[in-house]
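Just so you know, we're using the UniProt record's numbering here: the sequence shown kicks off at 1 and counts up by one.
Some notes on the structure that comes next.
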Amino acid sequence: MLKCLIVPLLVSSITSAIGSLDLSMSKKIAFRAIIYYFTTTICAVVLGIILVSTIRPGSGKEMGSMKGKATTRVVLTADTLLDLVRNLFPPNIIQATMFQYRTILVAPENSTDVPLTSYKITNEFTEGTNVLGLVMFSIVLGACIGKMRDAGKPLQRLFETLSEAMMIITSWVIWISPIGVFFLVAAKLLEMASFMEVLGQLGWYFMTVMIGLFLHGFGTISVIFFLTTRKLSFPYIAKMSQVLATAFGTGSSSATMPITIRCLDSMGIDPRVTRFVIPVGATINMDGTALYEAVAALFIAQLRQIPLSFGHIVAVSVTATAASIGAAGIPQAGLITMVMVLDTVGLPAEDVTIIIAVDWLLDRFRTTINVMCDALGTILVNSLSKNDLANAPHEVLDAEPHELVELRQDCNEKE
């Protein structure tokens with residue numbers, strides 16, 4: 001149910017947020033948000049590389065005991081990066097709500113070359129929302145509405161009303177979400193033949209990722225938050241318990257987005273900032289995914305006993321950062337972009353199967369960190385933009401800043 005709200009909420013939130021600001025204001029907020037996203041993602045990748053190089057979870061393990069099932073495909077880093085750019089500018093905005101552009105390398109049939117050295121390059125539109133394209137379209141549309149001033153107000157009010165309606169529907173869905181979260185997690189546990197045996201095989205790898213996620217979420221991000229706002233992040237994190245629980249249960253930043261926006265509204269964050277920063281952050285700010293992909297790539301290299309030079313490590317850093325931006329906010333999307341990172345260091349795509357056994361659980365933890373970083377980033381940008389927002393006209397359905405949805409109580413309270 002939460003997933004069906006993603007497209008209308010994303011488009012209406014970004015369009016109304018950008019449209020309610022003048023262009024100079026939009027640029028300032030966007031610049032601050034992007035600097036935050038870029039800084040935290042780089043910190044996550046560097047932290048992951050330091051931990052996996054220090055703990056060396058892949059040393060002394062045998063690959064034979066680590067089996068999994070996955071469908072892999074041949075992927076080139078250049079094609080993946082170019083696909084990101086291609087998806088930013090969808091040829092059909094309706095098509096973008098259902099399909100993404102992807103470059104495919106098809107192996108030739110009846111070839112005698114071993115190994116294969118040539119592939120046929122094709123492209124296709126695969127199922128899945130093109131979130132990057134929708135974000136770009138919404139930003140451009142919102143900027144145009146803002147530039148039209150009075151002439152654009154009717155359209156602006158339409159998107160604001162749609163955004164409010166989506167938030168109200170979200171509040172209804174929240175009533176039944178705890179039941180859904182419980183069964184989502186329970187189903188995954190029951191699918192595993194021996195949960196403890198799997199953790200024993202990949203224990204060190206699991207522990208390395210978990211340490212990295214914890215240090216990044218409660219260390220790096222909290223330090224950046226304190227240095228910027230002069231406030232502790234922990235009181236804000238405590239108020240996000242329902243948001244974090246939903247992120248853990250669904251394993252999706254996008255599915256959690258409506259609840260995150262609702263929670264930040266109840267905390268007094270300016271909706272013009274919330275409705276711009278959160279949808280963009282849910283799309284491109286994947287700190288937990290970036291850290292996980294860096295750790296996983298080096299972990300697999302250690303299992304293969306492949307020494308990596310400093311240049312390879314730098315390549316992993318850059319690719320993990322780019323791959324995290326391209327990872328859609330859907331469950332286990334990081335496992336897909338993991339192929340791109342493995343290609344950087346020359347590892348076969350099928351090595352993804354080594355870590356797939358525990359990926360479903362790590363996916364939920366890294367999604368929780370992703371969502372928490374997005375929320376704290378929104379609070380940080382709101383704090384830095386207070387003076388600018390105070391001097392800017394605020395016309396959102398002629399309402400008070402936080403009356404878009406009549407929720408003034410703490411987001412952890414039941415209605």
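For each residue, glycine too, the CB sits at the ideal point set by N, CA and C.
Quick caveat, the model's predicted, so the values are computed rather than measured.
F182 counts as exposed, since fewer than 16 other beta carbons sit within 10 angstroms of its beta carbon.
Residue burial annotation: P178 is exposed, with fewer than 16 other C-beta atoms found within 10 angstroms of its C-beta.
By the Cβ neighbour-count rule, T122 is exposed, with fewer than 16 other Cβ atoms within 10 Å of its own. Considering only L362, V314, L342, F299, the residue with the shortest C-alpha distance to P57 is F299. Per DSSP, K231 lies in no beta strand (DSSP E) and is assigned neither H nor E. Contact between I261 and M167 holds: CB atoms are separated by about 7 Å, below the 8 Å threshold.
The alpha carbon of N130 has as its nearest neighbour, out of D83, C144, A151, the alpha carbon of D83.
By the Cβ neighbour-count rule, R86 is buried, with 16 or more other Cβ atoms within 10 Å of its own. When only Cα atoms are considered, M207 and A390 end up about 45 Å apart. Between A301 and I49, the alpha-carbon positions lie close to 12 Å from each other. Between I259 and V277, the C-beta spacing is not below 7 Å. Counting of Cβ neighbours within 10 angstroms places E127 among the exposed residues, the total staying below 16.
The three-state reading of DSSP puts R304 in coil, since its state is none of H, G, I, E or B.
The Cβ neighbour count for A17, taken over all protein chains shown within 10 Å, is at least 16; the residue is labelled buried. I356 carries a helical assignment under DSSP once its states are collapsed to helix, strand and coil. In the DSSP assignment, F99 falls within the unbroken beta strand (DSSP E) covering 99-106. When I224, S20, F214 are compared, the shortest CA-CA separation from L376 is found for I224.
Scanning its chain for C-beta atoms nearer than 7 Å, with the 5 sequence neighbours on each side dropped, one finds around A96 the residues P90, N130, G133, L134, in chain order.
By the Cβ neighbour-count rule, I176 is exposed, with fewer than 16 other Cβ atoms within 10 Å of its own. A distance below 7 Å separates the beta carbons of A297 and V316.
Per the coordinates, the alpha-carbon of L232 lies some 16 Å from the alpha-carbon of L215.
Boundaries of the alpha helix (DSSP H) harbouring T15: 6-19, taken from the DSSP string. Taking 7 Å as the cut-off, the beta carbon of L158 is found no closer than this to the beta carbon of T15.
Here K120 carries a strand assignment [DSSP, helix/strand/coil]. For D388, the enclosing alpha helix (DSSP H) starts and ends at 386-391. Judged by DSSP in its simplified three-state form, T283 adopts helix. Here the alpha carbons of Y236 and S383 stand approximately 13 Å from one another.
DSSP places F137 within a helical segment (H, G or I) once states are collapsed to three.
Here the alpha carbons of D150 and A78 stand approximately 44 Å from one another.
Partner residues in the beta bridge of F125, as assigned by DSSP, are Y101.
For R230, the number of other beta carbons within 10 angstroms of its own is below 16, and it is reported as exposed. For S317, the three-state secondary structure derived from DSSP is helix.
For P271, the secondary structure class from DSSP, reduced to helix, strand or coil, is helix. Contact annotation: T274 and T367 have beta-carbon atoms that are not nearer than 7 Å.
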